[in-house]
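Chemist: Numbering (our numbering), first residue to last: 0 to 979.
Glycine included, each C-beta is placed from N, C-alpha and C at the ideal position.
On a predicted model such as this, the values are computed, not experimentally measured, just so you know.
1) Assuming residue 665 and residue 641 are in contact, meaning their beta carbons sit under 8 angstroms apart, how far apart are those beta carbons, in whole angstroms?
2) If you follow the alpha helix (DSSP H) that residue 405 is part of, which residue opens it and which one closes it?
3) Hey, would you say residue 558 sits closer than 7 angstroms to residue 341, going by beta carbons?
4) Does the Cβ-Cβ distance between residue 319 and residue 647 come in under 7 angstroms?
5) How long is the line joining the alpha carbons of residue 763 and residue 615, rounded to whole angstroms?
6) Touch check for the stretch 404-419 and the stretch 357-373: three-plus C-beta pairs under 8 angstroms?
7) Can you tell me which of the three DSSP states residue 584 falls into?
8) If we require 4 or more residues per run, which alpha helix (DSSP H) segments fall completely within the stretch 220-261?
9) Please classify residue 812: is it buried, with 16 or more other beta-carbons within 10 angstroms of its beta-carbon, or exposed?
10) State the start and end residues of the unbroken alpha helix (DSSP H) segment that holds residue 414.
11) Quick check: the Cα distance between residue 173 and residue 871, rounded to an integer number of angstroms?
12) Quick check on residue 980: does DSSP put it in helix, strand or coil?
13) For the stretch 294-367, list the alpha helix (DSSP H) runs that are entirely contained and at least 4 residues long, ordered along the chain.
14) Would you list the one or two residues that DSSP bridges to residue 128?
15) Measure the C-alpha to C-alpha separation of residue 672 and residue 580 and round it to an integer number of angstroms.
16) Mark residue 25 as exposed unless 16 or more other C-beta atoms lie within 10 angstroms of its C-beta, in which case mark it buried.
17) For residue 236, which option in 449, 74, 550 and 485 has the closest C-alpha, if you only look at C-alpha atoms?
18) With burial defined as no fewer than 16 other Cβ atoms inside 10 Å of the residue's Cβ, what is the status of residue 906: buried or exposed?
19) In the DSSP assignment, find the unbroken beta strand (DSSP E) run with residue 82 in it and report its ends.
20) Answer yes or no: do residue 364 and residue 468 have a C-beta to C-beta separation smaller than 7 angstroms?
21) Just verifying my parser: in three-state terms, what is the DSSP assignment at residue 570?
22) With the cut-off set at 7 angstroms, would you say residue 618 and residue 137 are in Cβ contact?
23) What is the rounded straight-line gap between the Cα of residue 755 and the Cα of residue 51?
24) Would residue 785 be called buried (16 or more neighbouring beta carbons within 10 Å of its own) or exposed?
25) Within 8 angstroms, do at least three Cβ pairs link the stretch 727-742 to the stretch 764-771?
26) Sort 734, 388, 460 and 105 by Cα distance to residue 677 and report the nearest one.
27) By alpha-carbon positions, which one of 44, 702, 552 and 602 ends up nearest to residue 509?
28) Below 8 angstroms, can you find three or more Cβ-Cβ pairs linking the stretch 538-545 to the stretch 387-397?
29) Would the beta-carbon of residue 519 fall within 7 angstroms of that of residue 332?
30) Run the CB neighbour count on residue 431, radius 10 Å, all protein chains shown included, and call it buried at 16 or more, exposed below.
31) Quick test of your reading: residue 533 and residue 355, contact by CB under 8 angstroms. State the CB separation rounded to the nearest angstrom.
32) I need the boundaries of the alpha helix (DSSP H) containing residue 644, first residue and last residue.
33) Compute the distance between the beta-carbons of residue 449 and residue 465, then report whether it is under 7 angstroms.
34) For residue 963, which of helix, strand or coil comes out of DSSP?
35) Out of 627, 133 and 268, which has the shortest C-alpha to C-alpha gap to residue 156?
36) Hey, residue 444 and residue 423: beta-carbon distance below 7 angstroms or not?
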């Protein structure tokens, strides 16, 4: 059974008037920190206007030429040179330009949106067996190897001669959707003599270098490959993990490690080098996505990330790629284990975001001490078989052994006379792990033992410069104590049985580095979506970049887990070529295993660590597997637009949001039809809706079971669903707060079961005392504004009035800061200071709006310090659009610094606005009055009305409504009356 994609933008022409076309709201341009911008045109891209299957037709090619001509006219008018030209997944171009030029482009009627170009960075062997693909009933034995599917890998390039991409003659020709003249961009020996030419084949169909912005801004070092060839091995590793050949012999430093296989060994590969050695620009990466859709790829792996975002260039390119039927997997980020560390584009709902967890196979080595003790750690290097002097890096340090960095093995800090021919104990941290072994090698050492800072860390199998074993903190400290009890160089150790395949106890468990939810830019999304193996992943390497010239490496990261999911997507695409991207994602999520532990290897993992769980694809012949999940949660372009209208207001115009709402699309982010249920704000009660579609070939009756988050009641209606093949049904989940701690996330799940199928969704909920808007706006000398308040408690409630207060206006001449780095000492030479004293204040707000400067290229920042000199708050947006709010600030005298990060001229005039609202409503003589309910009742929604008079024309006034229970202020809603 297959399901189609939701209606695309092209259908609007026949469904609504021309003015109903979806449009971005992009007239305010955020300043780019890179000096590069992405310009999106008013007309939709080719995947919408002509459809993906008609791009390479005469009419499609003519439309593309028309778009590129329009781009050229816009670029010429702004006097900029186009670097990347987009027509397929985006319609627009990228260019280096000033903020003034970007703002001028945004004002054009044919331009939808101008985005700052942001920086992105790069974030297997036993995996197929661990995922159950290799057994007698597994996917491979049933003919699902990815045959006929094209996997696009956007990364650092590819090493084309690697055996993982060799064509043994068994591969069919490229699918007909793939252009016959795909470039194979290798052999730029003029730049780097090691860049040999290569002819692509039926396995590696093509390879493109997509670094127009990167080469323009950063350039190419002599040691780099100015081609699609992989500089550092990251792209080769991800490509071979997703779709490398089966049964490839792997060795590292002469160690025989058996055979490795990609997850979809029968798939074709096209490589896109979208990252340089330092990272990459979103403009180049968006061009890579655009080109991949043009080239006919079915699946994209994107082991790349940066700051969390919803509407960056690559975010939006993936939105239209999903609408074109492309399945995409991305890494969640390597910034864990802290909360709220998910990065973009993994923060968007239309791409599948993957966390990193352990697998059962553990490459290990053994440390044998001279006292007879032995310890096992991670290792894939050569061994040191004989008892050898063992020294602590702290006692080989060129400075004091008690210095904080004495035991870190920083390059150049080790005494050769102590280290020579010895094994060195090094503590992990501060620098790259392989740089520590390099420091040992440079000092003449024979080997390294690296130990963690705690026992919840991740033991890595890097390709080191000397034989190395990586252990937990507890054995590391025991080894350290053994060394301390012996005279210098009298302790001994041997490193033996390295590169032995052992067992990782507690697998699968989350790695400590894997980024965690919540999703800071969309709190109602549970991210990551799933987890997959991401530690000690043995796959291809670039021998040019490897310390030992190896063709393989066993490395870790969510970059390594993402291609596992991309490979699974290739298998799903082969089985279900007509499924939407959302359906494929749903199939992996609802069939995932929740038997995953946290990085302590003991505690059950939460949905903010593992998402829906560990991917568990099962057999294509197995009812209830990812290939036959029974139910899917589908979503398409309109649903994602509705989500963005709520989660990222301003991405689309109000008219576009009204249009999709008129088509019945949910407009609350918590109602987006994803296979997880996240509710960041439960004021007593909250109801969300989901819709499921049957992909079973037979009629099924499903019954729901719920594991409610602790402290909540979860009521599902209806409790039974009867669905025939292809039919859909909706259900609601009402979360009622019982005794959940306010502000704490709690987790649960619900499962629809039919006897043949089980479809499980994680739940994440956070209780709140009340739900109110942060800010409301109005205008006019007199007027009123009303808003809703929803209560999460029973008891006292009063709505207090604060203000209105006219702004205190500062007009300053601010000088350029020579080093562009703020310090309070910059006053008079790059900064201006104002003192503000607060006593019993509800709110201190300072604003420098875009019109507070006359030149859009001026970039002014704000900093606030308390009387002790401590930084309290800052606003450092690109360009000038700054705001600082101190809610219920401590009584103090604050210094407000206006900093000239970029003034263009030696000095520039800056207009700033200050308000201080008193906490006691009776303490000010403002004109704001508030009418609201007299008491709170759990789950009730009431109306609060704020009215004012005397808001002088040509002035900016501010007030606030405080929401109070018997214990004080719970929240503030700011009332902004700008009559300028």
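Modeler: Reading off the structure:
1) In the chain shown, residue 665 corresponds to position 666, counting from 1. In the chain shown, residue 641 corresponds to position 642, counting from 1. About 6 angstroms separates the Cβ atoms of residue 665 and residue 641, confirming a contact at the 8 angstroms cut-off.
2) The residue labelled residue 405 in the question sits at position 406 within the chain shown. Run containing residue 405: none; DSSP gives neither H nor E here.
3) Looking up residue 558 in the chain shown gives position 559. Looking up residue 341 in the chain shown gives position 342. Going by C-beta atoms, residue 558 is not nearer than 7 angstroms to residue 341.
4) Indexing the chain shown from 1 puts residue 319 at position 320. Indexing the chain shown from 1 puts residue 647 at position 648. Result no, Cβ atoms of residue 319 and residue 647 do not sit closer than 7 angstroms.
5) Taking the first residue of the chain shown as position 1, residue 763 is located at position 764. Taking the first residue of the chain shown as position 1, residue 615 is located at position 616. About 22 angstroms.
6) Per the Cβ contact rule, the stretch 404-419 is not in contact with the stretch 357-373 (fewer than 3 Cβ pairs under 8 angstroms).
7) Residue 584 sits at position 585 when you count from the first residue of the chain shown. Here residue 584 sits in helix by DSSP.
8) 233-242
9) As a first step, residue 812 is located in the chain shown; it is residue number 813 there, counting from the start. When all chains shown are included, residue 812 counts as exposed.
10) Locating residue 414 in the chain shown gives position 415, where the first residue counts as 1. For residue 414, there is no enclosing alpha helix (DSSP H), as DSSP marks it with neither H nor E.
11) Here residue 173 refers to the residue found at position 174 of the chain shown. Here residue 871 refers to the residue found at position 872 of the chain shown. Straight-line spacing of the CA atoms in residue 173 and residue 871 works out to 59 angstroms.
12) Outside the shown range of the chain (0 to 979) lies residue 980, about which nothing can therefore be said.
13) 312-322
14) Within the chain shown, numbered from 1, the residue matching residue 128 stands at position 129. Answer by DSSP bridge pairing: none, since residue 128 is not bridged.
15) Along the chain shown, read from residue 1 onward, the residue named residue 672 stands at position 673. Along the chain shown, read from residue 1 onward, the residue named residue 580 stands at position 581. Cα-Cα distance, rounded: 13 angstroms.
16) If you number the chain shown from 1, residue 25 lands on position 26. With a pLDDT of 49 at residue 25, under the threshold of 50, the modelled position of this residue cannot be trusted, and the question is left open.
17) Working through the chain shown from its first residue, we reach residue 236 at position 237. When only C-alpha atoms are compared, the closest one is 550.
18) Residue numbering aside, residue 906 sits at position 907 when the chain shown is read from its first letter. Residue 906 should be labelled exposed.
19) On the chain shown, residue 82 is found 83 positions in, with the first residue counted as 1. Going by DSSP, residue 82 is part of the beta strand (DSSP E) stretching over 81-85.
20) In the chain shown, residue 364 corresponds to position 365, counting from 1. In the chain shown, residue 468 corresponds to position 469, counting from 1. Yes; because the gap between Cβ atoms is below 7 angstroms, this pair is in contact.
21) As a first step, residue 570 must be located in the chain shown, where it is residue number 571. The answer is helix: DSSP assigns residue 570 an H, G or I state.
22) Reading the chain shown from its first residue, position 619 is the one you call residue 618. Reading the chain shown from its first residue, position 138 is the one you call residue 137. Yes, the Cβ-Cβ distance between residue 618 and residue 137 is below 7 angstroms.
23) As a position in the chain shown, residue 755 is number 756, starting the count at 1. As a position in the chain shown, residue 51 is number 52, starting the count at 1. Cα-Cα distance, rounded: 36 angstroms.
24) The count along the chain shown starts at 1 and reaches residue 785 at position 786. So residue 785 counts as exposed.
25) yes
26) By 1-based counting over the chain shown, the position of residue 677 is 678. The shortest Cα separation from residue 677 among 734, 388, 460 and 105 belongs to 734.
27) Sequence index remark: in the chain shown, residue 509 carries index 510 (1-based). The shortest C-alpha separation from residue 509 is found at 602.
28) no
29) What you label residue 519 is simply residue 520 of the chain shown in a count that begins at 1. What you label residue 332 is simply residue 333 of the chain shown in a count that begins at 1. Taking 7 angstroms as the Cβ cut-off, residue 519 and residue 332 do not qualify as a contacting pair.
30) One-based indexing of the chain shown puts residue 431 at position 432. That one is exposed.
31) For this step, residue 533 is matched to residue 534 along the chain shown. For this step, residue 355 is matched to residue 356 along the chain shown. About 3 angstroms separates the two Cβ atoms, so the contact holds.
32) As a working note, residue 644 is residue 645 in the chain shown. Note, residue 644: alpha helix (DSSP H), 636-646.
33) Here residue 449 refers to the residue found at position 450 of the chain shown. Here residue 465 refers to the residue found at position 466 of the chain shown. No, the Cβ-Cβ distance between residue 449 and residue 465 is not below 7 angstroms.
34) Within the chain shown, residue 963 is the residue found at index 964, counting from 1. Assigned with DSSP and collapsed to three states, residue 963 falls in strand.
35) Residue numbering aside, residue 156 sits at position 157 when the chain shown is read from its first letter. For the residues 627, 133 and 268, the minimum Cα distance to residue 156 belongs to 268.
36) For this step, residue 444 is matched to residue 445 along the chain shown. For this step, residue 423 is matched to residue 424 along the chain shown. Yes, these two residues count as a Cβ contact at 7 angstroms.
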